[in-house]
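Okay, structure first, notes after.
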Amino acid sequence: MLTEVTATRYVTPLREGGSLPGIVEADDLGTYVMKFTGAGQGRKTLVAEVICGQLARRLGLRVPELVTLQLDPVIGLSEPDQEVQELLKASGGLNLGMDFLPGSLGFDPLAYEVDPREAGKVVWFDAVINNVDRSWRNPNMLVWHGDLWLIDHGATMIWHHNWPGAQASAAKPYDASDHALAPFAPDVAAAAAELAPLVTRELLEEVAADVPDEWLVDEPGFGATDALRAAYVEALLPRAATIHERITLGPRTERRASQPPGWLAERLAPRPQAVEKDRTETGKDSTT
Ligand SMILES: Nc1ncnc2c1ncn2[C@@H]1O[C@H](COP(=O)(O)OP(=O)(O)OP(=O)(O)O)[C@@H](O)[C@H]1O
Ligand SMILES: [Mg+2]
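In the numbering used here, the protein residues as written are 6 to 293.
Structure follows, in structure tokens:
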């Protein structure tokens, strides 16, 4: 079971995140990134965060500690933003918390070197969980105290959106050509040799047991929540054993800067007058 704490103060929304996660303080004096059950992405996103985050941690990959966070929406009453107010109101009860890494920076492939072994582990792990959200456009990795940390495992395990087709879906290949770590020569074979044997039925049952019951109840086709937990195990177990044979890395690509969010891109783009002035001063076209 994950440790359960209670949110005591809503600090600020994290606007970079599509699901509008928030920073909160809790009664254990910790600071957490809170992901809300009431967010439009739905509670399956939180189930995926727990199963994949806990699996990664058990395999020795760096993911900040996860907790469950009790929320009384009353703590957000003075929050001026209506969108945040509504999110808090829709999320009373148990939510997900991830330890906040203060001073961490978003992963920048041009500024941070990843060795092929570590890159291989991350790509292999993302293939196992079918993560579609670690591309160079949106790397969902942080650099903290010189180390790489993985966050945001909400968009994974696509098969949990259609359980009748889960086995077939979980047998599909993984296209890693857009992966943020594809340019770092990921040694996927070494990663699979080291990590695949660790992904046992027992380990998967333990990480599935960390998902709170209330995020699993009433799933169509499943009576008890334990039956649904078992379905996650049955999908991941065979995939972990063989997915390394079905990972496409594509041709070796150059490292590309991840894309800034729209509002920042606009500010970074050279203003037309500035380019014009530059041309007249230097006598040449600075855009070429
Ligand atoms: N544990 C953490 N410590 C510090 N900053 C974090 C942490 N988790 C998330 N963040 C910051 O918050 C942003 C949003 O988090 P995250 O990607 O998990 O949210 P999301 O709503 O799932 O986003 P997405 O739009 O990628 O689906 C991250 O890009 C990062 O800047
Ligand atoms: Mg994200």
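Glycine included, C-beta positions come from ideal geometry on N, C-alpha and C.
- Message: For a quick check, are the C-beta atoms of Ala175 and Ala236 less than 8 Å apart?
- Response: no
- Message: Whole angstroms are fine: how far does the CA of Pro85 sit from the CA of Glu210?
- Response: 42 Å
- Under three-state DSSP, which class holds Leu186? coil
- What do you reckon, is the C-beta of Gly27 under 7 Å from a heavy atom of ligand 2? no
- Going by the CB atoms, is the gap between Ala190 and Ala181 shorter than 8 Å? no
- Query: Quick one: does the C-beta of Glu22 sit closer than 7 Å to a heavy atom of ligand 2?
  - Reply: The sequence given here has Gly at residue 22, not Glu. Because some heavy atom of ligand 2 lies under 7 Å away, the Cβ of Gly22 counts as near it: yes.
- Message: Mapping the DSSP letters down to three states, classify Lys40 as helix, strand or coil.
- Response: strand
- As assigned by DSSP and simplified to three states, the class of Pro78: helix
- Query: Asp157: beta carbon under 7 Å from a heavy atom of ligand 2?
  - Reply: yes
- Query: If you run the structure through DSSP and keep just helix, strand and coil, what is Val222?
  - Reply: coil
- Query: Looking only at DSSP bridge pairs, what is Thr143 linked to?
  - Reply: Note that residue 143 is Asn in the sequence shown here, rather than Thr. Per DSSP, none; premise fails for Asn143.
- Message: Considering only DSSP beta bridges, list what Lys135 is partnered with.
- Response: For the record, residue 135 in the displayed sequence is Asn; it is not Lys. DSSP output for Asn135 lists no bridge partner at all.
- Does ligand 1 have a heavy atom nearer than 7 Å to the CB of Gly111? yes
- Pick helix, strand or coil for Met6, following the three-state DSSP scheme. coil
- Task: Return yes when the C-beta of Asn143 is under 7 Å from any heavy atom of ligand 2, and no when it is not.
- Result: yes
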